[in-house]
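All residue numbers for the sequence shown refer to numbering that gives the first Met the number 0, where the first residue is 0 and numbers rise by one.
We put the CB at the ideal spot given by N, CA and C, even for glycine.
Structure, as structure tokens:
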Amino acid sequence: MAGATASTRLSGFLRRQGTAFVEWWKTLGNDYVSTIKGAFEEGRSKPWKGVSAVVGSGVLTYAHFTCPDELSMWDDLRERRQLMATIPASEHSRKTDAEMSLRTALQNQRRLEHYNMLFFSFLVRREYDTDVRIYHTQDPNLNSWWITSTLKNIMDVGAFGRWYHLERAFVNYDINEEEEFPSDEKSQ
0 MAGATASTRL SGFLRRQGTA FVEWWKTLGN DYVSTIKGAF EEGRSKPWKG VSAVVGSGVL
60 TYAHFTCPDE LSMWDDLRER RQLMATIPAS EHSRKTDAEM SLRTALQNQR RLEHYNMLFF
120 SFLVRREYDT DVRIYHTQDP NLNSWWITST LKNIMDVGAF GRWYHLERAF VNYDINEEEE
180 FPSDEKSQ
């Protein structure tokens, strides 16, 4: 009999919670429907407000769906590394080589972190490896506030499917500025 009583209590609990859960979703749906109806009614009287809301939500939706994640960043870096492999090393831009080396070294040392903020992403350089447990890395009195250290160590910002600092490093990636060209002057 004890088993029957426990199952009866459990089924009653689930029935009550299930009903409350369904009611919550119905209320939420009704709230959204009334909000959308109100927006359409107000849109007739103030069309620019409605247009700006639609355009703003469209831009945010596009930014969310094209926000680069960590995997796409590494794929982009691999593709750019393959692109650099097709060019002789003597023609590589030093700035591009330095950026590629830095990102690779930080990744190998597990000092590179990716933060996804829904509409854009940050690539942050850590001072230490994530597994380092020495006193200096753990004591909050010795370290700066985590927001300050994160903002100070931002390496790149990604939005709309692009990593801006990486793209800037790849401008003229196949031109070595340190290479000496023969001068056009006639020697006397």
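What residue from G42, R79, S51 has the CA that sits closest to W162's CA? Locating residue 162 in the sequence shown gives position 163, counting from the first residue. Comparing Cα-Cα distances from W162 to each of G42, R79, S51, the minimum goes to R79.
For M154, name the three-state secondary structure that DSSP assigns. Looking up residue 154 in the sequence shown gives position 155. It is a strand residue.
Could you name the residues of the same chain whose beta carbon sits closer than 7 Å to that of Y114, not counting the 5 residues immediately before and after it, in chain order? The sequence position of residue 114 within the sequence shown is 115, counting from 1. If we look at Y114 and ignore the five residues flanking it on each side, its Cβ neighbours are S120, F121, V123.
Of the residues L111, V54, K94, which one's Cα is nearest the Cα of E69? On the sequence shown, position 70 is the one that residue 69 refers to. Checking every option, the nearest Cα to that of E69 belongs to L111.
Span separating the alpha-carbon of E178 from that of R167: By 1-based counting over the sequence shown, the position of residue 178 is 179. By 1-based counting over the sequence shown, the position of residue 167 is 168. E178 and R167: Cα-Cα distance of roughly 20 Å.
Go ahead and label L165 buried or exposed: buried means 16 or more other beta carbons lie within 10 angstroms of its beta carbon, across all protein chains shown. Sequence index remark: in the sequence shown, residue 165 carries index 166 (1-based). Under this definition L165 is a buried residue.
Reduced DSSP category for S100 - H, G, I as helix; E, B as strand; rest coil: To locate residue 100, count along the sequence shown from 1; it is residue 101. It is helical.
Within the segment 48–86, note down every full alpha helix (DSSP H) run reaching 4 residues or more, in order along the chain. 69–84
Assuming G160 and T26 are in contact, meaning their beta carbons sit under 8 Å apart, how far apart are those beta carbons, in whole angstroms? In the sequence shown, residue 160 corresponds to position 161, counting from 1. In the sequence shown, residue 26 corresponds to position 27, counting from 1. In fact, because the Cβ distance is near 38 Å, the residues do not count as touching under 8 Å.
By how many angstroms is the C-alpha of R125 removed from the C-alpha of I133? The residue labelled residue 133 in the question sits at position 134 within the sequence shown. The residue labelled residue 125 in the question sits at position 126 within the sequence shown. The straight-line gap from Cα to Cα measures roughly 15 Å.
Can you find at least 3 beta carbon pairs, one from the segment 99–106 and one from the segment 73–89, that sit closer than 8 Å? yes
Locate the beta strand (DSSP E) running through H113, then write down its first and last residues. Locating residue 113 in the sequence shown gives position 114, counting from the first residue. Note, H113: beta strand (DSSP E), 111–115.
What number of angstroms, rounded off, separates the C-alpha of T147 from the C-alpha of P67? The residue given as residue 147 occupies position 148 in the sequence shown. The residue given as residue 67 occupies position 68 in the sequence shown. Each residue's Cα considered, the two are about 23 Å apart.
Per DSSP, what are the beta-bridge partners of S120 in this structure? Here residue 120 corresponds to residue number 121 of the sequence shown, with the count starting at 1. Answer is N115, G157.
Classify M0: buried if its beta carbon has 16 or more other beta carbons within 10 angstroms, exposed otherwise. Against the sequence shown, residue 0 aligns to sequence position 1. Because M0 sits at a pLDDT of 49, beneath the cut-off of 50, its placement in the model cannot be relied upon, and the following sentence gives the value as read from the coordinates. By the 10 Å Cβ count, M0 comes out exposed.
Just to check, is the beta-carbon of L111 closer than 7 Å to a non-hydrogen atom of the ligand GTP? Judged by which ligands are present, the structure shown has none, so any question about the ligand GTP falls away.
Residue environment, T60, which counts as buried when at least 16 other CB atoms sit within 10 Å: Here residue 60 refers to the residue found at position 61 of the sequence shown. Exposed, by the Cβ-count rule.
Is W23 helix, strand or coil when you go by DSSP? For this step, residue 23 is matched to residue 24 along the sequence shown. Here W23 sits in helix by DSSP.
Do N171 and E90 have their CB atoms nearer than 8 Å? The count along the sequence shown starts at 1 and reaches residue 171 at position 172. The count along the sequence shown starts at 1 and reaches residue 90 at position 91. Cβ atoms of N171 and E90: not closer than 8 Å.
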